[in-house]
């Protein structure tokens, strides 16, 4: 039995979100200045900035004291870089984070930890053993977790991943700012201002949540987080309202950078094209395969960037054949870039980077004309693309669709072919699908008889048959039945797909494929 855990897409999505939003955002400086803490003066009357208090302490520190503390401080700075812990205790949870802004967590755990505890600031020392409680959900840095005793203490810039299953868990991470603090400390520059001897920091709050810092744009303020949530429904409602606001605020900071001097700012449009999902594929046959894969999509307009450019993030390779779903596509990390459209010519041009262990540049240009004939609609696409690792390629596809039975049912057909420097010959697919659509996110698409994809539907069912091949040989046959339904309002949507398939790579032995998916659609 082979089990494959595919997590690089989510990891690099977090890199992309953190890098693109925070690196351009002035609000990042609010938390990147880690040294600012308010302390009470010796008289107990007026608050003092920790930087001033630390400067006073350094001024009174002699050369001998600096020399004696040099080696212990460098050792502590080195330990601060790493978080590597084992946990024991009841719970179930998983977490990823690339700074507080791009933090993800879900679960509940009450554990004792042992190991390197991570950054000690603002504390003077962190013990390698202790208690840690956390419960709730964190999505894109929006914290819907409860305030509990012994909360996790993360540095703002920390990169971390953890998993807790029932009675045991593990967590590993590094803090890039602590790396800079260690390197600068070799030259007696204390960026973190945590060297000994130091001014004692005020005691930390007795309770806390998973994410401490909340980045807020004044035009897109998020709701205050309650100390506890009465139910998971309340957590989901909080995330549904506030995740788009937080990301929209970050995009607003980016977009403001491109506004011409003296020109009024264009209004930032609502963030409607945003989704987070997790999918599981199981194939039962001669061998059993289980694969997990996250799926994230974001497309937001930047109206002040020459009024025509949008930013997009996607975790699947959109240059693959259209009939291959995200679980089948080659994992190329996170695709992130800018898109410019010439609507009158049905042309769009993308350029950006695929964030992988070894990032690669890419660009693509697409021509997408549409035609209608009676109730039939035809969508043609001719796409040329280039990737720094795989070279040039071309994708051609023709999609046909037709609504019928009072627009309750939909027929779809797709013929596609792809050739590139990285593939062995010409890849192609032919698929037919028919389905009953109960509810759409945008019912205007039904009223206007526009084509839809599975992500446009809230609920419905369909059956789809596909044939895949290379050059003049067939490599796979597949028939899948799909049932899609809303689990919570129109926000949490689930997919169930199952059916037989036959692959040349498995000597045409019959296999049963079962797919499960859950998405948060904002």
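Residue numbers (my numbering): 7 to 528.
Think of the CB as a built atom: it goes at the ideal place given N, C-alpha and C, for glycine as much as any other residue.
Contact annotation, residue 385 with residue 457: C-beta distance approximately 6 angstroms; criterion of less than 8 angstroms satisfied. Going by DSSP, residue 481 is part of no alpha helix (DSSP H) but of the beta strand (DSSP E) stretching over 479-494. Contact between residue 97 and residue 111 does not hold, since the beta-carbon distance rounds to 12 angstroms and is not under 8 angstroms.
Look at residue 129 here: in three-state DSSP terms it is coil, with no helix or strand label. Setting aside the 5 residues that flank it on each side, residue 132 is surrounded in the same chain by 123, 126, each with a C-beta closer than 6 angstroms to its C-beta; the list follows chain order. Going by DSSP, residue 521 is part of no alpha helix (DSSP H) but of the beta strand (DSSP E) stretching over 516-527.
Taking one beta carbon from each stretch, the region 163-173 and the region 99-109 have 3 or more pairs nearer than 8 angstroms; the two touch. Counting the other Cβ atoms within 10 Å of the Cβ of residue 511 gives fewer than 16, which makes it exposed. Looking from the CA of residue 396, the closest CA among 358, 427, 440, 74 belongs to 427. Nearest in C-alpha terms to residue 143, of all of 237, 79, 197, is 237. Residue pairing by DSSP places residue 186 in no beta bridge whatsoever. A Cβ-Cβ separation of about 6 angstroms places residue 463 in contact with residue 443 under the 8 angstroms criterion. Straight-line measurement puts the Cα of residue 153 at about 5 angstroms from the Cα of residue 233. Non-local beta-carbon contacts of residue 174 in its own chain, meaning distances under 8 angstroms to residues more than five positions away in sequence, involve 92, 93, 94 in chain order. Taken atom to atom, the span from the alpha-carbon of residue 450 to that of residue 459 is near 14 angstroms. Contiguous beta strand (DSSP E) elements confined to the region 367-398 occur at 376-379, 382-393, taking only those with 3 or more residues. In the DSSP assignment, residue 305 is bridged to 279, 318.
Here residue 117 is buried: its Cβ has 16 or more other Cβ atoms, across all protein chains shown, within 10 Å. In the DSSP assignment, residue 507 forms a beta bridge with 484, 517.
Residue 434: member of the beta strand (DSSP E) spanning 433-446, first to last residue.
DSSP places residue 428 in the coil class of the three-state scheme, outside both helix and strand. Per the DSSP secondary-structure output, residue 140 pairs in a beta bridge with 115. In the structure shown, residue 454 adopts coil according to DSSP, grouped into three states. A straight line joining the alpha-carbon of residue 403 with that of residue 499 spans about 28 angstroms. Annotation: the continuous beta strand (DSSP E) that includes residue 166 extends over 165-180.
Ranked by how close their Cα comes to the Cα of residue 89, the residues 135, 70, 73, 74 have 135 in first place. Contact check for residue 525 and residue 283: beta-carbon distance about 4 angstroms, within the 8 angstroms limit, so the pair qualifies. Assignment of residue 71 by DSSP, reduced to helix, strand and coil, places it in the helix class. The alpha-carbon separation between residue 420 and residue 482 amounts to approximately 16 angstroms. Under the three-state reduction of DSSP output, residue 295 falls in the strand class. Per DSSP, reduced to three states, the secondary structure at residue 244 is helical. Residue 192 sits in coil when the DSSP states are folded into three classes, being neither helix nor strand. The alpha carbon of residue 348 has as its nearest neighbour, out of 373, 365, 342, the alpha carbon of 373. Straight-line spacing of the CA atoms in residue 192 and residue 202 works out to 14 angstroms. Excluding its 5 nearest sequence neighbours in each direction, residue 506 has C-beta neighbours in its own chain below 8 angstroms: 484, 485, 516, 517, 518, 519, listed in chain order.
Residue state for residue 239 is assigned as helix, using DSSP reduced to three classes.
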